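>
2 protein chains.
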Amino acid sequence: MNIILLSGGSGKRLWPLSNEIRSKQFIRLFKDEQGEYESMVQRVYRQIRTADPEANVTIATSKTQVSAIRNQLGNAVSVCVEPMRRDTFPAIALAAAYLRYEEGVGEEETAVVCPVDPYVENSYFENLKKLDELAKNGEARLVLMGIEPDSPSEKYGYIIPEDKEFVSSVKAFKEKPDTATAEGYLAQGALWNAGVFAFKLSYVLDIARRAVDFEDYRDLYLKYDKLPKISFDYAVVEKEPSIRVMRYFGEWKDVGTWNTMAEAMADKTKGNVMLDETAENVHVVNELDIPILVMGGKDMIIAASGDGILVADKERSGSMKPYVEKIVTDVRFAEKSWGSITVVDAEPGSVTMKVVMKPGTRMSYHSHELRNEIWTVLSGRGMTVVDDMEQQIGPGDVVSVAAGCRHTVIADTDLTLLEIQIGSEISAADKKKYELNGALFIDDAPDRWNE
Amino acid sequence: MNIILLSGGSGKRLWPLSNEIRSKQFIRLFKDEQGEYESMVQRVYRQIRTADPEANVTIATSKTQVSAIRNQLGNAVSVCVEPMRRDTFPAIALAAAYLRYEEGVGEEETAVVCPVDPYVENSYFENLKKLDELAKNGEARLVLMGIEPDSPSEKYGYIIPEDKEFVSSVKAFKEKPDTATAEGYLAQGALWNAGVFAFKLSYVLDIARRAVDFEDYRDLYLKYDKLPKISFDYAVVEKEPSIRVMRYFGEWKDVGTWNTMAEAMADKTKGNVMLDETAENVHVVNELDIPILVMGGKDMIIAASGDGILVADKERSGSMKPYVEKIVTDVRFAEKSWGSITVVDAEPGSVTMKVVMKPGTRMSYHSHELRNEIWTVLSGRGMTVVDDMEQQIGPGDVVSVAAGCRHTVIADTDLTLLEIQIGSEISAADKKKYELNGALFIDDAPDRWNE
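These protein sequence lines map, in sequence, to chains A and B.
Under the numbering used here, read the first sequence as residues 9 to 459, first letter to last.
Under the numbering used here, read the second sequence as residues 9 to 459, first letter to last.
1. For the region 399-410 of chain A, which residues have a CB atom closer than 7 Å to at least one CB atom of chain B, in sequence order?
2. Excluding the 5 residues flanking K237/A on each side, which residues of the same chain have their C-beta closer than 6 Å to its C-beta?
3. By a C-beta neighbour count over all protein chains shown, 10 Å radius and 16 as the cutoff for buried, is F257/A buried or exposed?
4. Taking 8 Å as the threshold (beta carbon to beta carbon), is T392/A in contact with chain B?
5. Report, in whole angstroms, the separation of the C-beta atoms of A303/B and K322/B, which I expect to be a contact under 8 Å.
6. Taking 7 Å as the cut-off, is the C-beta of R226/A nearer than that to any heavy atom in the ligand GTP?
7. Out of A103/A, D420/A, V52/A, which one is the CA nearest neighbour of L228/A?
8. List the endpoints of the continuous beta strand (DSSP E) containing Y164/B.
9. For Y166/A versus A198/A, is the C-beta spacing smaller than 8 Å?
10. Mind checking whether E170/B and S176/B have CB atoms under 8 Å apart?
11. Determine, for G305/A, whether the minimum Cβ-Cβ distance to residues of chain B falls below 8 Å.
12. Given P7/B, which residues of its chain have a CB within under 6 Å of its CB, disregarding the five upstream and five downstream residues?
13. Assess, as a yes-or-no matter, whether the region 208-226 of chain B is touched by the region 124-141 of chain B under the definition of 3 or more beta carbon pairs within less than 8 Å.
14. Let me make sure I understand the geometry here. Which of A419/B, G112/B, K329/B has the alpha-carbon closest to that of T369/B?
15. Can you name, in chain order, every residue of its own chain whose Cβ lies under 6 Å from the Cβ of A68/B, other than the five neighbours on each side?
16. Helix, strand or coil: which one does DSSP assign to A180/A?
17. Quick one: measure Cβ to Cβ for D315/A and W23/A, integer angstroms, because I've assumed they're closer than 8 Å.
18. Could you tell me the distance, in whole angstroms, from the CA atom of W346/A to the CA atom of A274/B?
19. As a quick exercise: from L386/A, K276/A, Y53/A, V417/A, pick the residue whose alpha carbon is nearest that of Q400/A.
20. Given that a residue counts as buried once 16 or more other Cβ atoms are within 10 Å of its Cβ, and exposed if not, what is R218/A?
21. Could you tell me which chain A residues have their CB closer than 9 Å to the CB of M328/B, listed as they occur along the chain?
22. Here's a check: name, in chain order, each residue in its chain whose Cβ is nearer than 8 Å to the Cβ of R57/B, leaving out the five neighbours to either side.
23. Which same chain residues, not among the five before or five after Q73/B, have their C-beta less than 7 Å away from its C-beta?
24. Sorted by chain position, which residues of the same chain lie with C-beta nearer than 7 Å to D233/A's C-beta, five sequence neighbours on each side aside?
25. Got a sec? Which residues, its chain only, sit under 6 Å from I382/B by beta carbon, not counting five neighbours each side?
26. Under 8 Å, Cβ to Cβ, is there at least one residue of chain B near Y331/A?
27. Is R324/B close to chain A, meaning its C-beta is less than 8 Å from at least one C-beta of that chain?
28. Under the DSSP definition of a beta bridge, which residues are partnered with M371/B?
29. For A342/A, list the residues DSSP reports as bridge partners.
30. Output, in chain order, the set of chain B residues within a Cβ distance shorter than 8 Å of G314/A.
31. Here's the rule I'm using: 16 or more other beta-carbon atoms within 10 Å means buried, otherwise exposed. How should Q42/B be labelled?
32. Could you pull out every residue in the same chain whose Cβ sits closer than 8 Å to the Cβ of H374/A, ignoring the five residues on either side in sequence?
33. Does L25/B pass the burial test, meaning 16 or more other C-beta atoms within 10 Å, or should it be called exposed?
34. Identify the contact partners of N380/B in chain A, using a Cβ-Cβ distance below 7 Å as the criterion.
35. Just to confirm my understanding: we take P454/B, look at its own chain, exclude 5 residues before and 5 after, and list those with CB closer than 6 Å. What are they?
36. When the Cα atoms are used, what is the spatial distance from G404/A to G431/B?
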């Protein structure tokens, strides 16, 4: 099965754990079968592998997520990166072209598209296989999976099927309704539209070809801005007469808010947390290395990260977006392909970050115009390269990098260092990348056209 | 007026803002007349100066508080440091000897003793002057100030006076009662015993002389362990037949818990805090540099510092002591005579702290056996001395100090540096102090026998 996972969003509704560069699907609050914490993307990937060990997984995403995907899934998945944010139709078209032209998947072979962030049971992925079969067998040009609703929710679009069979034709698609209207839909056997569909590659590629003339993946990548900025639902699904929908009866949760996330969390607390015995239905996630003590409280979510601290009534937490948008903070934590960075101090003229690298990884070879950097190794061993000068490094070693100097760090073991940036203007944009030893190593680049 | 302020306690009941080295009286949650934040000790000192600009203020305390006192009050007060913790009788006897022998106060002159941590109105200190007058005029050998109770509290000891006059003799002292008993006391016109008394120096010095033979302050300091470990109430007050009590009718608050502190706080929030409009009777103190967002919640106190984060029902917060005692964390913030230190990162083998120095100050000249230190200047100018080698420092400069090397920092301007400590065993005890330029500069030393 070829599966395209759509990994989008830079939601603030799970602030302070999600931010502009860390989407909710990368927060590790679930647990795998060995009891290790895992994120949504790790959970979904594991479930896919369980349902189909041979699955060919491609993640369609934006550039900002590549580091986190590589950090969490390694190189086992293909990552198809949109050159700019447009919408789901261009993203799916590009992913189809990636499968067709980069991976050599046949035009008449099928692909299943689904979002990366539903919290579901394993049977969901068994159903995807059935969906894939339906597409393969030509059941229709487009086959959807609809979620059997457990309530007349106002949060989702609805699919009205012709009948209540396991697989049926589609009578209509409906936008998010009010509750009364939703109740009417449910009486007709309606399903939630969860953005899951299967098709033959030729089907999507032909639609894309009608929008823009392209030869292969690289060509479409370069012409990406010519594709209409429109959702797959509007561009394709709602216009398609040859369409069938299959029912999914299992657990399906949209963990888009702290209230729903709390229900799905593996443990009531994560991190350094002490709850007294009078705390009632209180969930706490602590990513800081200082303790949180909770005395009393009811129906609350408490979450702390380097970005900030949230203390909220669970009910109220769904309304936090406008408040979070008022909070202007620089991102203080980011996963990189080679590890992570955490800002430990920031003041005018300097930023200090803790850099944690995995063994055998390296940063890009780069320079900054407007800041000096001073690295102090806290633990581990590796090498620095500064203006082509190599230096072995270990605990206590200090390496100074003046503005304008090219520099990188290569980790031999787990390597932790403190990077002190000093300059009047410190910004992520002040970065220029170079070749090192003849190779342009681009730490976050998923493919050769991504820079 | 000679006034002895007793500054004790290392309470955990205002955790995470109070800890072993930062007592509640140093937390800045009140505001002075200019709207600047001030601590309890700053507030009390300001109120004393308002009531009596000529007051001679001596703070009797332990070594751990000297840095914070100097940081907050400068050198305007005398600090009398007990060589070890014993109890209030030895502390008051030592302070009396300090006044007599170090400051040359006459044996027949008076002193007023009061705790440093009551939240009171200015009239309290006007009353202290009256109390001092009573002692001066020989009203009794010992004169007390009692607090007019506003409730039959179980939290305080009671003074039962002979009558309900403004100044009266004392019939009895009572330990903390239950509420019913307290109600009986109130019917008799009883007062709270708030540990405020005035006497002639000779009175206390003679009692101390009966316990241990000493010649002067220095002699008593060296024989301090011979003084009985007993409270002034038990050792002196409850045995004294010549005793009178004066009533205080004004506001008097014991801000020993978050519940009472919240009532006394100048503002509902302090620091980087956003409260939504549904939060009800929620107080938030944020000493971290990341934002706290509160959505909903009722009757809560939220407090965050480098030591940890508290989220508590106000009622419950009074019961936090056993929980806080289970939290074992190294102190992450400390006020020093020359500024402050804040731990920004700690892991096995290294501790990184931000050091903020005031202009014109210096650390002690010291060394460590088991750790190297690396200083990186973030902002400001000054000088380092490492094994007698002087070096001017400014932003971006790095100074490495190997284990065994003597070192100090002298700040010319406001100076901020990052100190990275690297070693297998990093402890505050690993510190040896030296003379620099012929002077043994002891940053925290209140007097010449304190090291």
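Note that the Cβ used here is the ideal one computed from N, Cα and C, for glycine as well.
Just so you know, these numbers come straight off a predicted model, no measurement behind them.
Based on what the coordinates show:
1. If the cut-off is 7 Å between Cβ atoms, the region 399-410 of chain A has P403, G404, V406, S408 near chain B.
2. Stepping through the first sequence from its first residue, residue 237/A is reached at position 229. Same-chain partners within the cutoff: R94, D95.
3. What you label residue 257/A is simply residue 249 of the first sequence in a count that begins at 1. Answer is exposed; the Cβ neighbour count stays below 16.
4. Position 384 of the first sequence, counted from the start, is the residue given in the question as residue 392/A. Taking 8 Å as the threshold, the shortest C-beta distance from T392/A to chain B does not fall below it.
5. By 1-based counting over the second sequence, the position of residue 303/B is 295. By 1-based counting over the second sequence, the position of residue 322/B is 314. Residue identity check: residue 303/B is Met in the sequence provided, not Ala. Contact flag wrong, Cβ pair sits at about 18 Å.
6. This structure does not include the ligand GTP; it has no bound ligands of any sort.
7. Along the first sequence, read from residue 1 onward, the residue named residue 228/A stands at position 220. Comparing Cα positions, the closest option is A103/A.
8. For the purposes of this step, residue 164/B is taken as the residue at position 156 of the second sequence. It is not in any beta strand (DSSP E) - Y164/B carries neither H nor E in the DSSP assignment.
9. One-based indexing of the first sequence puts residue 166/A at position 158. One-based indexing of the first sequence puts residue 198/A at position 190. Taking 8 Å as the Cβ cut-off, Y166/A and A198/A qualify as a contacting pair.
10. Locating residue 170/B in the second sequence gives position 162, where the first residue counts as 1. Locating residue 176/B in the second sequence gives position 168, where the first residue counts as 1. With contacts defined as CB atoms closer than 8 Å, E170/B and S176/B qualify as a contacting pair.
11. The residue labelled residue 305/A in the question sits at position 297 within the first sequence. With its beta carbon less than 8 Å from one in chain B, G305/A belongs to the interface.
12. Only positions 9 to 459 of chain B appear in this structure, which leaves residue 7/B out of reach.
13. Cβ pair count under 8 Å is below three, so no.
14. For the purposes of this step, residue 369/B is taken as the residue at position 361 of the second sequence. Ranking the options by Cα distance to T369/B, first place goes to A419/B.
15. Here the question's residue 68/B lines up with position 60 in the second sequence. Once the five neighbours on either side are set aside, the close Cβ partners of A68/B are I12, L14, C88, A99, A103.
16. Here residue 180/A corresponds to residue number 172 of the first sequence, with the count starting at 1. Look at A180/A here: in three-state DSSP terms it is strand.
17. Counting from 1 along the first sequence, the entry for residue 315/A is found at position 307. Counting from 1 along the first sequence, the entry for residue 23/A is found at position 15. Between D315/A and W23/A the beta-carbon gap is near 7 Å, inside 8 Å, which marks them as a contact.
18. If you number the first sequence from 1, residue 346/A lands on position 338. If you number the second sequence from 1, residue 274/B lands on position 266. For W346/A and A274/B, the distance between alpha carbons rounds to 47 Å.
19. Position 392 of the first sequence holds residue 400/A. That would be V417/A, whose Cα lies nearest to the Cα of Q400/A.
20. Numbered from 1 along the first sequence, position 210 holds the residue referred to as residue 218/A. It counts as exposed.
21. Counting from 1 along the second sequence, the entry for residue 328/B is found at position 320. Contact annotation for M328/B against chain A: D284, L301, M303 [CB-CB distance below 9 Å, chain order].
22. To locate residue 57/B, count along the second sequence from 1; it is residue 49. For R57/B, where only same-chain residues beyond five positions count, the Cβ hits under 8 Å are A63.
23. Within the second sequence, residue 73/B is the residue found at index 65, counting from 1. Around Q73/B: S15, S31.
24. Position 225 of the first sequence, counted from the first residue, corresponds to residue 233/A. For D233/A, where only same-chain residues beyond five positions count, the Cβ hits under 7 Å are M92.
25. As a first step, residue 382/B is located in the second sequence; it is residue number 374 there, counting from the start. Close CB contacts of I382/B within its chain, under the 6 Å cut and outside five residues either way in sequence, are with S408, I428 (chain order).
26. Translated into the one-based positions of the first sequence, residue 331/A becomes position 323. The beta carbon of Y331/A falls within 8 Å of a beta carbon belonging to chain B, placing the residue at that interface.
27. Start at 1 with the first residue of the second sequence, and residue 324/B comes out as number 316. R324/B counts as touching chain A.
28. Sequence index remark: in the second sequence, residue 371/B carries index 363 (1-based). DSSP lists no beta-bridge partner residue for M371/B.
29. Stepping through the first sequence from its first residue, residue 342/A is reached at position 334. Per DSSP, I349/A.
30. To locate residue 314/A, count along the first sequence from 1; it is residue 306. The contacting residues are I298.
31. Working through the second sequence from its first residue, we reach residue 42/B at position 34. Taking all protein chains in view, the Cβ of Q42/B is surrounded by fewer than 16 other Cβ atoms within 10 Å, so the residue is classified as exposed.
32. In the first sequence, residue 374/A corresponds to position 366, counting from 1. Closer than 8 Å at the Cβ level, and outside the excluded window around H374/A, lie R414, H415, T416, K439, K440, K441, Y442.
33. Along the second sequence, read from residue 1 onward, the residue named residue 25/B stands at position 17. Burial call: buried.
34. Sequence index remark: in the second sequence, residue 380/B carries index 372 (1-based). Residues of chain A passing the Cβ test: G404.
35. The residue labelled residue 454/B in the question sits at position 446 within the second sequence. Residue placement at P454/B cannot be trusted, given a pLDDT of 36 that sits under 50; what the coordinates show is reported in the next sentence. The beta carbon of P454/B is closer than 6 Å to those of V74, V87, V89 in its chain, skipping five residues each way along the sequence.
36. By one-based count along the first sequence, residue 404/A stands at place 396. By one-based count along the second sequence, residue 431/B stands at place 423. Across the structure, G404/A and G431/B are spaced so that their CA atoms are roughly 9 Å apart.
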